[in-house]
Structures are given as structure tokens and as C-alpha cells.
Amino acid sequence: VKLRVLSSFEDPDSTSNGTLITFEEDDTMEQAIISGIAFNRDEAKISLMGVEDRPGIAYAILGPIAAANVDVDMIVQNIGASGHTDFSFTVNRGEYQKALDVLEHEKNIGFAAREIIGDNKICKVSLVGIGMRSHVGIAAKMFKSLAEEGINIQMISTSEIKTSVVIDEKYLELAVRVLHRAFELEQAPKLA
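Numbered per our numbering, the sequence shown spans residues 27 to 218.
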């Protein structure tokens, strides 16, 4: 069933086509693979090294962080070895010290960790595009482009329409330029 929506501000006898709503796919609606690059320099990373690897450890760490109203963005938990693992996450730079204080207070109460390391000199760079979900190799091309410039990736997060990496903030501008060039974003968009 097709539905045509017309403006209530137009004369009913006007020649306006309005908007046609249908379940059919429109072959003319092509999507750019990568539509842009986003970045956030207002990030900080916290890593807990040598955390006991047990059920509930993620909650033991992040529960008190949430109770303190600190928003967590990216999370990475490594594979455990000898009963221990490393657990890292990012927070807004403005909440960095608050998160560290909460963890220092909770250390040895809700969890044990060999060391808590913080880094407030990081940034997040993301490739964004709805066409990413149907194209392989986008993340690999991103990682290769950054590696060729000597930019180390500290954390990775992916979704259907976005791939994000955490890098040292001193490489932010270089990373954005490199990715713009690698994905030809300074040119007219390539359609999928």
C-alpha cells in the first residue's frame, strides 16, 4: 500500500506531489560508504591492571562509577591469564578525576587490582557512514592508514555505522587528515 502525504498548508488542487511512503526500495537512494569523520578530544582513559578475572568484575568496577553519575563510553576487557585480566574504559575528561577517586575508594573493597593507570591525553576518532554495514575492509583500511603514519591505536569500538579508535591526542589532526585522504572525503562522495 502506497501512502502519499500532502501539506495541509497547500491548496488541495495544487500540483504539489508531496511525499510518497512505500515499502519498496528505491534504487536511486545510494549511500556513501563513509559520510564523515568525527572526533572528540574531551576523553580520558582509565585502565585497571591485574584485576581478578571472575563473574561480576565488570559490575564491581563500573557499578560505583555509574553510582557517581560518571558516563562511560568505550570499554575493553582483555582475555584473562592466570586468573587476572586488564580492564579499560573511557570517560569524559571533565569526569576523569572523579572516576579515579571512585576507583581508588573501591579498590580492595569491591575488587582488587594490581594498578590503576589513567591517561587524560587521548582522543577518539570515528569513521561514520551507513554504507559501512555492507562493505568489508573499512576498519582494516582505517587501521592501515593510521599505522602507516605511526599512529598507535589504544582502543577500538565498532557498530553498524561507526568505527572508533582511541589514540594519543597529539596525533588527532594528523589522523583526521590521513583518514580524509584514505577515504577520499575531500572529493565528491563515492556511492555504494
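Even for Gly, the Cβ is constructed at its ideal location relative to N, Cα and C.
Short Cβ contact (8 Å threshold) for residue i with residue j
{"i": "residue 175", "j": "residue 200", "result": "yes"}
{"i": "residue 159", "j": "residue 186", "result": "yes"}
{"i": "residue 116", "j": "residue 69", "result": "yes"}
{"i": "residue 102", "j": "residue 88", "result": "no"}
{"i": "residue 67", "j": "residue 212", "result": "no"}
{"i": "residue 63", "j": "residue 153", "result": "yes"}
{"i": "residue 190", "j": "residue 151", "result": "yes"}
{"i": "residue 193", "j": "residue 179", "result": "yes"}
{"i": "residue 126", "j": "residue 148", "result": "no"}
{"i": "residue 171", "j": "residue 205", "result": "yes"}
Same chain, Cβ closer than 6 Å to residue i, neighbours up to 5 away in sequence not counted
{"i": "residue 209", "result": "60"}
{"i": "residue 161", "result": "59"}
{"i": "residue 169", "result": "none"}
{"i": "residue 182", "result": "191"}
{"i": "residue 188", "result": "152, 154"}
{"i": "residue 32", "result": "44"}
Straight-line Cα distance separating residue j from residue i
{"i": "residue 54", "j": "residue 167", "result": "Low local confidence applies: a pLDDT of 40 at residue 54 is under 50, so the model's placement there is unreliable, and no value is given."}
{"i": "residue 130", "j": "residue 49", "result": "54 Å"}
{"i": "residue 44", "j": "residue 113", "result": "53 Å"}
{"i": "residue 100", "j": "residue 29", "result": "42 Å"}
{"i": "residue 144", "j": "residue 71", "result": "6 Å"}
{"i": "residue 46", "j": "residue 164", "result": "34 Å"}
{"i": "residue 123", "j": "residue 65", "result": "22 Å"}
{"i": "residue 137", "j": "residue 95", "result": "19 Å"}
{"i": "residue 135", "j": "residue 84", "result": "14 Å"}
{"i": "residue 184", "j": "residue 86", "result": "25 Å"}
{"i": "residue 80", "j": "residue 106", "result": "9 Å"}
{"i": "residue 93", "j": "residue 202", "result": "35 Å"}
{"i": "residue 128", "j": "residue 34", "result": "56 Å"}
Other residues of its chain near residue i: CB distance less than 7 Å, five sequence neighbours each side excluded
{"i": "residue 139", "result": "74, 75, 76, 77, 133"}
{"i": "residue 104", "result": "111, 112"}
{"i": "residue 146", "result": "70, 119, 122"}
Contact set for residue i: own chain, Cβ-Cβ below 8 Å, skip 5 residues either direction
{"i": "residue 82", "result": "none"}
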